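First comes the structure, then the notes that go with it.
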Amino acid sequence: MDAPPRPALPSPAPSLPPPGPPPGHDTGDVLQQIMAITDQSLEEAQARKHALNCHRMKPALFSVLCEIKEKTVLNIRGVQEEGLPDAQLMRLDNMLLAEGVSRPEKRARGGPAVAAGTATPGGCPNDNSLEHSDYRAKLSQIRQIYHSELEKYEQACREFTTHVTNLLQEQSRTRPVLPEEMERMVGVIHSKFRAIQMQLKQSTCEAVMTLRSRFLDARRKRRNFSKHATEVLNEYFYSHLSNPYPSEEAKQELARKGGITVSQVSNWFGNKRIRYKKNMGKFQEEATIYTANTEGNTTEAGGPRSQASCPSTPGSGSSGHFPLTSAGDALISLQTLASLQPAPGRGGVWSQVSVRA
DNA sequence: GCTCATGATTGACG
DNA sequence: CGTCAATCATGAGC
């Protein structure tokens, strides 16, 4: 600042005439001088910059540069305004929100009320929660990575923006930099970082989808029950053949014993009733096995009524359409029908079938 | 690879 | 809401 004015340095560059010299120098010369500045030492450059700023041609050059700038700014603006239609970004945002990734889970920005209701609109099926803990752990891992990356990008964007802004401000002392130009530059930076963020969001979405298909949709994958579970279910089924509709409690007990869920028990009984009714012949053997079993050890808490205890004499009386293994069962079924309450809800169907025997 | 068995899903019904 | 009936999708045996 207060350095003694020493305008005339050794000036090693012969092509560089002293600041004040004769006219006739065109803008090309001045530009060359500007270019030459970069080759000089800092101190030297400062001096030259100062000299240039004092050059009498400088205002003219500056205005020319401004003019050119104006044109290019206009040109660029036309191209720039397009921007990216944020439709895709919005889609990604929505999806991340729906999957619960966008919520940082530690600090509820919008307030706790949000988290309560909007569990997952298109998202997690909330039943069988067997592997959900695992799923949630993985999901929260993804969420963490997502947020830390997002934070990193935002930080980098901020830093880069201030850096560029400072640079432009510095440069504005030697060349025309319009405020709107700086704004535009900031806009460009932001849009670049937005593109990166979009990629991050995209890959996060992909990760979530993969996770979902691996875990939640895996429930669609059929796994045969263990032999033990099947035995438990069959024992109950055949020992309650006249009324194979386990109560909620019984279902829970069966689920516990078989190591499966209550809804799986319900599914199993639903399937079993239908399939048994459709093709009883096929189940005769199974029926005798389990009825024999349950005769031996009556483990069922519900109190097996031994209604199906008769040895099977296939095809004797039953015209084959009913869930009875023998004519004897018909009697027993009728007896039990008399003593049993009709099955919950619409047990009538099954009872009707029995009675028809 | 085909076939059958079987758990899960879906839509209708009461 | 529980059940039935049809159907889908996969596992298992051959």
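The numbering of the first sequence is UniProt numbering, which starts it at 1 and goes up by one.
No residue lacks a Cβ here, since even glycine has one placed at the ideal position from N, Cα and C.
For clarity, every value in this text was computed on a predicted model and none was experimentally measured.
Tell me, please, whether the stretch 250-259 touches the stretch 272-288 by the rule of three or more beta-carbon pairs shorter than 8 angstroms.
no
In whole angstroms, what separates the C-alpha of Q32 from that of A45?
14 angstroms
Segment limits, alpha helix (DSSP H) that includes N267
V262 to K278
C-alpha gap between V177 and R194, whole angstroms:
25 angstroms
Pull up the CB-CB distance for V101 and R143, whole angstroms please, since I reckon it's below 8 angstroms.
5 angstroms
Beta-carbon spacing of L241, T204 below 9 angstroms
no
Going by beta-carbon coordinates alone, are V188 and L96 separated by less than 9 angstroms?
no
Taking its Cβ as the centre, do 16 or more other Cβ atoms sit within 10 Å of S140, making it buried, or is it exposed?
exposed
Considering only residues of the same chain and omitting the five flanking positions on each side of A116, which have a CB-CB separation below 7 angstroms?
In this prediction, A116 scores a pLDDT of 31, lower than 50, which makes its location untrustworthy; the coordinate-derived value is nonetheless stated afterwards. Excluding sequence neighbours, A116 sits near nothing in its chain.
Contact defined as beta carbons within less than 8 angstroms: I believe Y153 pairs with I196. What is the distance between those atoms, to the nearest angstrom?
6 angstroms
Counting only the same chain and skipping the five closest in sequence on each side, list residues whose C-beta sits under 8 angstroms from that of N53.
R173 and T174
How big is the Cα-Cα spacing for N167 and N94?
Note that residue 167 corresponds to Leu in the displayed sequence, not to Asn. Answer to the nearest angstrom: the Cα atoms are 37 angstroms apart.
Tell me which same chain residues have a C-beta within less than 7 angstroms of the C-beta of G78, skipping the five on either side of it?
For G78, the pLDDT reaches just 49, beneath the cut-off of 50, and the residue's location in the model is therefore unreliable, leaving the point undetermined.
Write down the C-beta distance between Y245 and A287 rounded to the nearest angstrom, noting that I regard them as a contact closer than 8 angstroms.
Not really, about 17 angstroms apart at Cβ, beyond 8 angstroms.
By Cβ distance below 6 angstroms, which residues in the same chain neighbour V186 in space, the five residues on each side in sequence not counted?
T161
In terms of residue numbering, what span does the alpha helix (DSSP H) encompassing E43 cover?
L42 to C54
Kindly indicate which residue of M182, E159, L200 and V164 has the alpha-carbon position closest to the one of W149.
Looking at the sequence shown, residue 149 is not Trp but Glu. Per the Cα distances, L200.
Select from E248, E285 and P179 the residue whose C-alpha is nearest the C-alpha of C66.
P179
Supposed close pair L42, Q202 - CB separation, criterion 8 angstroms:
No, L42 and Q202 are not in contact; Cβ-Cβ is about 45 angstroms, not under 8 angstroms.
Here's the rule I'm using: 16 or more other beta-carbon atoms within 10 Å means buried, otherwise exposed. How should Q264 be labelled?
buried
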